[in-house]
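Only one structure is covered here, and it is reproduced in the block below.
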Amino acid sequence: MELKDLYRDVILDHNRAPRNFGRLDPADASAEGHNPLCGDRLTVSLRLSGDRIEDIRFEGKGCAISTASASLMSEAVKGKDRGAIGKLFDAVHNLLTRQDAVAAPELGKLAALSGVREFPSRVKCASLAWHTLNAALERGSGTVSTEAAEK
Amino acid sequence: MAASVRDLTPSPFDAERVRRDFPILAREVNGRPLTYLDSAASAQQPRAVVRAVEDYVLHSHANVHRGVHTLSQEATAAYEGARERVRRFVNARSVREIILVRGTTEAINLVAQSYARPRLKPGDEILITALEHHANIVPWQMVCEATGCTLTVAPINRRGELELEAFAQLISARTRLVAVAHVSNALGTVLPLAPIVAAAHARGIPVLVDGAQAIPHRKIDVRALDVDFYAFSGHKLYGPTGIGVLYGREELLESMPPWQGGGDMILTVSFERTTYNALPYKFEAGTPNMSGAVGLAAAIDYLEGLGIEAVARHEHELLELASAELARIPELTIIGTAAEKGAVISFTLEGVHPHDLGTILDSEGVAVRTGHHCAMPVMDFFGVPATARASFACYNTREDVHRLVAAIHNVRKVFG
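Here the protein sequences line up with chains S and Z, keeping their order.
Per this note's numbering, residue -9 is the first one in the first sequence, and the count goes up by one each step.
Per this note's numbering, residue 342 is the first one in the second sequence, and the count goes up by one each step.
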């Protein structure tokens, strides 16, 4: 368990200067994500063009892992359609939870999150943004909790 | 006496010797010696507690209050002996006033459901404070939902102290119950129980005290405090989890209906009518946690053996040292600066979320609590999502404080 595997330069950079931070108004879809265990909250808002995410913003207060994960996600999903995002979600989920997972090539910079799996108490920090994005895509709006989402 | 050079401080309290009673403190975490600063969440158990539980389980266990056989009698004696030990510890008048429950949360829920819920009506008020743990908020909100009564919240100031005048003004002809913490888990604030109880009793209003954070740190005398209900947990007191205590004044407990139904809380049962058992059994349905009770009694013996005042003085020295050391870190803000504080220190570090702080401290073997401490309204009041909290117990040393400070400096290095 190495601290520098968790707090890689990419993570620290995206925490210090989160990309796509803010809120889209009007938005085609938005959702609030909540991790009741730590109190982290974040909102994801989307502008959609058919099946594709044309633009995305997120805002909220969270730890470095949840902020960097949301920031990296926002860059990764912009311009992609639901099918590609679904695949990315699965690849991120594997990366965060499977000890033997090899970072899939489509992950790109998201591979920086691979250190999180060594810190089980922090996996939910990294997955909060993705569950929130899923909620926005599936329901158009609403609130999602890491506790409900993980079950 | 094997105090290290660093610990040759004015305190006569020998924390190094105390540490040897707690085997877990000798282990390593992430390749570093464990620095356990999370006793306010759950204290570690000394060998004496584990041995008492083991002795009961291996040699005397059977169900209580049921059999005429020898083991049942021994188990009953052990369980009731533990109750008497608790009575002596808090100086209750009678063992009828000592209800053994799962913990503070269950104790408060018992009062909420059995005392408050049957008597409160729309327009009635329950008065709490702004620094309560969720366990002393949510049970009352459930009563309010069920009865239509109102939850009133007395404010705190920026130091995290109760605004006593505002509190007194909130006591009205409609107030039916006052429920306050003795010591705040998130801020460390010690609440002034004497004026709180005086103001409530002047209007004939009973007072419940959530003593979870006070019980391991100060001598509790329920008669001297003149409180009506006092709730606490065994595991904050160096005892096992799953055992706790509700002290209640006998007249009040007598007037309350049973909370849960089942075995042990009855005298006679027929399908037409059941008569309930006397205090304290009326509130203890089902087979109780005997081994937990035995462990709790052993924990009380242990703490009183160390001397609760000596422990409190030692912890206060550590709190003062930590407060002074942490105040020297420019980016650090201490949350909760009441004039009178228990042995906890909550803080935030600019630019670093408490969870990152917690993970980095853990990598150095330093265990602190991070999060909202089950006190989300307190976090909202101070405008922070969460804090890191270090808490001190009998086995902590000045070395632990130095390790905490060094680890915080390392956080700055990681975050650059």
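Note that the Cβ used here is the ideal one computed from N, Cα and C, for glycine as well.
Residue i (DSSP reduced to helix, strand or coil)
i        : result
S:Asn5   : helix
Z:Lys754 : helix
S:Lys77  : helix
S:Glu22  : strand
Z:Thr295 : With chain Z running from 342 to 757 in the structure shown, residue 295 of chain Z is simply not present.
Z:Trp481 : helix
Z:Gly422 : helix
Z:Met342 : Bear in mind that the predicted position of Z:Met342 carries a pLDDT of just 44, short of 50, making it unreliable; the figure below should be weighed with that in mind. If DSSP states are grouped into helix, strand and coil, Z:Met342 belongs with coil.
S:Asp90  : coil
Z:Thr738 : coil
Z:Phe722 : helix
Z:Pro459 : helix
Z:Ile439 : strand
Z:Phe573 : strand
Z:Ile649 : helix
Z:Glu473 : coil
Proximal chain Z residues relative to residue i, where beta-carbon distance stays under 9 Å
i       : result
S:Ala58 : Simply none; closest approach about 10 Å.
Beta-carbon neighbours of residue i, restricted to chain S and to distances below 7 Å
i        : result
Z:Phe758 : The structure shown does not extend to residue 758 of chain Z, since chain Z is modelled only from 342 to 757, so the question has no answer here.
Alpha-carbon to alpha-carbon, residue j and residue i
i        : j        : result
S:Thr33  : S:Glu49  : 5 Å
Z:Leu503 : Z:Lys577 : 24 Å
S:Ile1   : Z:Val519 : 48 Å
Z:Asp567 : Z:Val548 : 9 Å
S:Val134 : S:His24  : 6 Å
Z:Val484 : Z:Ala453 : 6 Å
Z:Ala514 : Z:His542 : 12 Å
Z:Glu595 : Z:Tyr456 : 10 Å
Z:Ala727 : Z:Leu412 : 49 Å
Z:Lys462 : Z:Cys490 : 6 Å
Z:Gly444 : S:Gly52  : 32 Å
Z:Val524 : S:Ile75  : 49 Å
Z:Phe629 : Z:Arg669 : Per the sequence presented here, residue 629 of chain Z reads as Pro, with Phe not at that position. For Z:Pro629 and Z:Arg669, the distance between alpha carbons rounds to 49 Å.
Z:Ala367 : Z:Pro374 : 7 Å
Z:Arg388 : Z:Leu647 : 14 Å
Z:Arg392 : Z:Leu644 : 15 Å
Z:Asp355 : Z:Glu591 : 40 Å
Z:Ala508 : Z:Pro496 : It should be noted that the sequence gives Phe, not Ala, for residue 508 of chain Z. Going from the Cα of Z:Phe508 to the Cα of Z:Pro496 covers about 7 Å.
Z:Leu505 : Z:Val442 : 31 Å
S:Asp30  : Z:Gly372 : 30 Å
Z:Gly603 : Z:Gly501 : 43 Å
Z:Pro533 : S:Arg13  : 45 Å
S:Glu108 : Z:Val538 : 50 Å
Residues of its chain near residue i, where Cβ-Cβ distance is below 8 Å and the 5 sequence neighbours each way are ignored
i        : result
Z:Arg564 : Asn432, Ala433 and Arg434
Z:His657 : Ala684
Z:Lys382 : The sequence given here places Ala at residue 382 of chain Z; Lys does not occur at that position. Once the five neighbours on either side are set aside, the close Cβ partners of Z:Ala382 are Arg710 and Ser732.
S:Lys70  : Arg42, Ile43 and Leu78
Close-in-space but distant-in-sequence residues of the same chain around residue i (CB under 6 Å, 5 per side omitted)
i         : result
Z:Val370  : Gly706
Z:Pro581  : Gly575, Gly633 and Gly636
Z:Asn450  : Pro480
Z:Lys682  : Gly529
Z:Thr516  : Glu466, Leu468 and Ile546
Z:Val427  : Ile439 and Val586
S:Tyr(-3) : none
Z:Phe570  : Val452, Leu549 and Gly589
S:Ala116  : Ile55, Ser59, Leu86, Leu103 and Val106
S:Asn10   : Ile46, Arg47 and Ser64
Close beta carbons around residue i, own chain, < 7 Å, minus the five adjacent residues each side
i        : result
Z:Val755 : Ile701
S:Ser104 : Leu85 and Ala93
Z:Lys623 : Pro599, Met606 and Tyr617
Z:Tyr420 : Val405, Pro629, Met631 and Ala634
Cross-chain neighbours of residue i in chain S, by beta carbon under 8 Å
i        : result
Z:Met720 : Gly29
Z:Pro374 : Those do not exist, as Z:Pro374 stays about 16 Å from chain S at its closest Cβ, beyond 8 Å.
Z:Met717 : Gly29
Z:Gly712 : Leu27, Cys28 and Gly29
Z:Val568 : Those within 8 Å of Z:Val568 in chain S number zero; the least Cβ separation is about 32 Å.
Z:Phe756 : Tyr(-3), Leu2 and Ala54
Neighbour list for residue i in chain Z, Cβ cutoff strictly below 8 Å
i         : result
S:Leu(-4) : Thr700
Cross-chain neighbours of residue i in chain S, by beta carbon under 9 Å
i        : result
Z:His696 : Cys28, Asp30, Gly52, Cys53, Ala54, Ile55, Ser56, Ser111, Arg112 and Cys115
Near the ligand ADP: residue i beta-carbon under 7 Å from a heavy atom
i       : result
S:Ala93 : The ligand ADP is absent from the structure shown, which contains no ligands of any kind.
| message | Short of 9 Å Cβ to Cβ, which residues in the stretch 97 to 131 of chain S face chain Z? | response | The residues in question are Phe109, Ser111, Arg112 and Cys115.
| Members of the stretch 42 to 54 of chain S near chain Z, C-beta cut-off 7 Å | Here the close residues are Lys51, Gly52, Cys53 and Ala54.
| Along the stretch -3 to 8 of chain S, what residues have a CB closer than 8 Å to any CB found in chain Z? | Cβ contacts with chain Z: Tyr(-3) and Leu2.
| message | Beta carbons nearer than 8 Å to chain S: which residues of the stretch 360 to 391 of chain Z have them? | response | Asn371
| message | So if I threshold CB-CB distances at 7 Å, which residues from the stretch 722 to 738 of chain Z count as touching chain S? | response | Pro726 and Ala727
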